[in-house]
Each structure stands twice: as structure tokens, then as C-alpha cells.
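Reading through the C-alpha cells given below for one structure.
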Amino acid sequence: MNKADFPILKEKVHGRELVYLDNAATSQKPQPVLDAIVEAYSRWNSNIHRGVHHLSQVATSKHEGARQAVADFINAREAEEIVFTKGTTDAINALAFAIGEAFISKGDEIIVSGVEHHSNIVPWQMLCERKKAVLRHIPLREDLSLDLEAFRGLLSDRTKLVSVAHVSNVLGTIQPIEEIIHLAHAKNVPVCIDGAQSVPHMHVDVQALDCDFMAFSGHKMYGPTGIGVLYGKREWLEKLPPHEGGGEMINHVRWSGTTYNELPYKFEAGTPNFVGSYALSKAIDYIQALGWEAIEAHERELTEYCEAQLSAIEGVHIYAEHQPKAGVISFNVGTIHPFDVGTLLDQQGVAVRTGHHCAEPLIDAMGVPGTVRVSFGLYNDKADVDAFITALKKAQSILM
355 MNKADFPILK EKVHGRELVY LDNAATSQKP QPVLDAIVEA YSRWNSNIHR GVHHLSQVAT
415 SKHEGARQAV ADFINAREAE EIVFTKGTTD AINALAFAIG EAFISKGDEI IVSGVEHHSN
475 IVPWQMLCER KKAVLRHIPL REDLSLDLEA FRGLLSDRTK LVSVAHVSNV LGTIQPIEEI
535 IHLAHAKNVP VCIDGAQSVP HMHVDVQALD CDFMAFSGHK MYGPTGIGVL YGKREWLEKL
595 PPHEGGGEMI NHVRWSGTTY NELPYKFEAG TPNFVGSYAL SKAIDYIQAL GWEAIEAHER
655 ELTEYCEAQL SAIEGVHIYA EHQPKAGVIS FNVGTIHPFD VGTLLDQQGV AVRTGHHCAE
715 PLIDAMGVPG TVRVSFGLYN DKADVDAFIT ALKKAQSILM
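Here it is in C-alpha cells:
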């Protein structure tokens, strides 16, 4: 894991070496990704799918090559099951509109979980308000794990979709999605997985999971902002209407009506982010060159090392302590407000995230105003953890 591949990590913050521990919000970009963006704009920038000239043909090839790279990365059956979006939020919103138009009626129910990011709550609330449907959530046990017995009780003939996070962006806990999918499918209910926090940190195989949909973002997996993915099984995508209209997503347009393009293009209105998709493919290349076994082992070791160091500090409370995590730890220091902790850490060059992390229902259930969150990427190391712990102890001595 080579920090030198990530130019931003050479930056100084308040005169200190940058220790970047906010990867759950967004990850930094390796040089090959940065080079890909420059290459695209300087060598073959041209609108795709529409031109017969050389630049358009090259750009189209790069974009569709990226789609295949994403399909291979998550083991989709075919590239046509990969819909490019602006990110996880955009992907879930697209699905909420499309599935709502096709399959949701008054009184139907959608189930999410008690650990969800707002991006996997609000789109479903909006859908339920529009269709007069009902949003239910899997409650939490005292240890902040999901109550699967309660989930069994929530599933009914009215349930039309289950949408859950693979990994909590607040707690870092890995949710039992295999069992959730199994239970939902036993009732013929499709399942969407929010993979924003899992796809960057572990090998995800959508066929092995048998999920019906999955959403994730490029910027959290060392790729650029503004590009994301909605994976859907072909049999589902074929049945869903497009969520946006315009160019690219049509077959024929007449005053009498419009026929839509084939998969996946009927879901990709307008000029696609072909620069973003190409740069994302380079991020995938970077991850695969390192290998999932090495990445997962490295991040697991860092997380366990950091949690052990934190637990040794008097007054620190770690949430969901000792549960399996994917590179995220949330904690508080006594009664100190997390914002104050984060501010003093920043002054020492350590970047963490504080607040409710766009997951207010979970934070409310925890009974706190927010947490301090550290989250790791493949470029972090034990020296980063040591610097963070030293800075935290200094912050604690000032604030207590």
C-alpha cells in the first residue's frame, strides 16, 4: 500500500503532515486515476455513442470498456446490468422512482434498516408519500446490531422491496445481508443493497449474494466524484421504466410517443460521464492490482489496532465495539461534543468526520448528538493511527 501514489497525502494541514481518516466520506485518488482524467480531456474528449468520427469512437470504447470493468469487478452476469449514475444517492433515487412507478401502490410496504444513511431513507419516504405506501425499518438490538427476528415479522404480502446498507457508514458494522436476502426472497421480495461502504473495502460478488439491485459510488473507491453505479438483475431492469427522459435513452421519438432504448441505456439520459467512468475503471485496476486479500487484511488489522488503542483511553466510548467492521470506528470522549474533538484533531493535521453522518435516526437511537468517526483506506497505516491517538490524547487534555 503505497502512500506515494496519492499526491494529496503530501499536503500539509496547519503546518502538520496530513493524516487523512475520513475515507467513509470520500477517498483520495491515486495518480493513475488523476492521469486518466487528464488523458480523457486532452486526447479523446468527444461525445459518445453518437459520432462516427475517431474521437467519438475512442471515447465510446473507453466508456463501454469501463462498464465491462465494473461488471467484472462485482461479478455481474453482463455489462448491460450496469447503469452509470452520479453516485449512490442518485442510483437509489433512480431505483425508487422507477420501481415506484411500476410496482408500488397504496398500502404497499418498503423495508429499510435502523442503520441507514439518509440516502437510503429519504428517497423511499418520498416514494411512500407519493404512492401512499408505508416505510418500515428493521429495529436495532441493544448492541446496535439488526434484529432479524423483528425483520421476519415485518415481511408480509404487502412488502414490495427491502433496501439495506451492506456496511453502516456510522458504525462500520457489516450487516447480515446474506440472511436478509434469503428471508426476503423466501417471500418473493426483491432486495437492494447500499454498497457505498462495502464495495471499496471488500470483495463484493452480486451473483453470490443474489441481490436484485446494488448501488455504490466511485468517489469512495479511489475514483472520481460524479460517477456511480446502479446494478440490477436484467429481469428487473427490463421491467422498470426510465426515471429520466431526454437524449440517449430513446429508441425513436415521435409526436405520437417515444420508445425507449435497450439496457442499460434507457436509464442513462443525456451525455454520460464518460471521463468519470474511464477514471473509475483505472481505480478498479489499481484495487485489483493490490488484491482483495491484501486490502481486506490490511484494513482489518488497522481497524483492530485503532480500536484497541482507543479502548485504552479513559473516557472513550466506542460504539458497536468488538463487532466485525469494515474500516470504520465511531466513538465519543466523555461528554465532550464531537465537533470540539474534531476541531482540535484538525488543528493537529488529523482529518476525521464528526456529527450525525447523514444517519440521524441511528444517532437518535444511540442517544447522542453525534460521534467522532475515523475511517480507513488502503493507503493508511499504523503510523496514521499512532498520530491520531497522540492528537486525540492532546485534544482530550485540553477539553477535559
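Converting from the sequence shown to the working numbering requires adding 354 to each position, the first position being numbered 1.
Just so you know, even glycine gets a beta-carbon here, dropped at the ideal spot from N, CA and C.
Quick caveat, the model's predicted, so the values are computed rather than measured.
Here Thr579 is not bridged, per DSSP, to any residue. Taken atom to atom, the span from the alpha-carbon of Leu664 to that of Glu675 is near 10 Å.
The region 699-708 and the region 742-751 touch, with no fewer than 3 CB-CB distances between them shorter than 8 Å. If you compare the alpha carbons of Glu434, Gly600, Asn686, Ile531 with that of Leu502, the shortest gap goes to Ile531. Among the bridge pairs identified by DSSP, Arg588 is matched with none. Nearest to Val521 by C-alpha distance, out of Ala487, Lys736, Gly549, Glu371, is Gly549. Judged by beta-carbon spacing, Glu598 lies within the 8 Å limit of Ala623, meaning their Cβ atoms are closer than that value.
Judged by DSSP secondary structure, Leu664 falls within the alpha helix (DSSP H) whose first and last residues are 646-665. Note on Phe621: 16 or more other CB atoms within 10 angstroms of its CB, so buried under the neighbour-count rule. Under the DSSP definition of a beta bridge, Lys366 partners with Glu371.
Annotation: the continuous beta strand (DSSP E) that includes Thr708 extends over 707-709. Boundaries around Glu463 are those of the beta strand (DSSP E), 463-467, since no alpha helix (DSSP H) includes it. Here Gly577 really is in contact with Val387; their C-beta atoms are around 6 Å apart, less than 8 Å. Taking a cut-off of 8 Å for Cβ pairs, the region 627-645 and the region 390-402 touch, as three or more such pairs fall below it.
For Ile752, there is no enclosing beta strand (DSSP E); the residue is part of the alpha helix (DSSP H) that begins and ends at 736-753. Taking a cut-off of 8 Å for Cβ pairs, the region 442-461 and the region 470-479 touch, as three or more such pairs fall below it. Annotated three-state conformation of Cys712 is coil, per DSSP.
In this structure, DSSP gives Phe570 an extended state, which the three-state scheme calls strand. Between Trp590 and Pro544, the gap from beta carbon to beta carbon is short of 8 Å.
The criterion of a C-beta distance shorter than 8 Å is satisfied by Arg727 and Ser684.
Residue state for Cys546 is assigned as strand, using DSSP reduced to three classes. Contact check for Asn523 and Ala713: beta-carbon distance about 6 Å, within the 8 Å limit, so the pair qualifies. Just so you know, the alpha carbons of Phe505 and Arg404 end up roughly 48 Å apart. For His652, the closest C-alpha among the options Gly681, Val583, Cys482 is that of Gly681. In this structure, the CA atom of Arg495 is about 16 Å from the CA atom of Pro678.
In chain order, Tyr632, Ala633, Lys636 place their CB closer than 7 Å to the CB of Ala390, counting only its own chain and leaving out the 5 sequence neighbours on each side.
No residue range can be given for Leu494, since it is assigned to no beta strand (DSSP E) and is classified by DSSP as neither H nor E. Exclusion of the five residues before and after Val367 leaves Gly703 as the residues of its chain whose Cβ lies within less than 6 Å of its Cβ.
The residues Val687, Ile690, Asp694, Val695, Leu698, in chain order, have a CB closer than 8 Å to that of Leu753 in the same chain once the five nearest residues on each side in sequence are set aside. Less than 8 Å divides the Cβ of Trp398 from the Cβ of Ala413. The DSSP assignment places complete alpha helix (DSSP H) segments of no fewer than 4 residues inside the region 401-450 at 408-428, in order along the chain. With respect to Val469, Leu525 sits close: the two C-beta atoms are nearer than 8 Å.
Positions of the alpha helix (DSSP H) runs, each at least 4 residues long and wholly inside the region 680-709, are given as 692-701 in order along the chain. For Tyr673, the secondary structure class from DSSP, reduced to helix, strand or coil, is coil.
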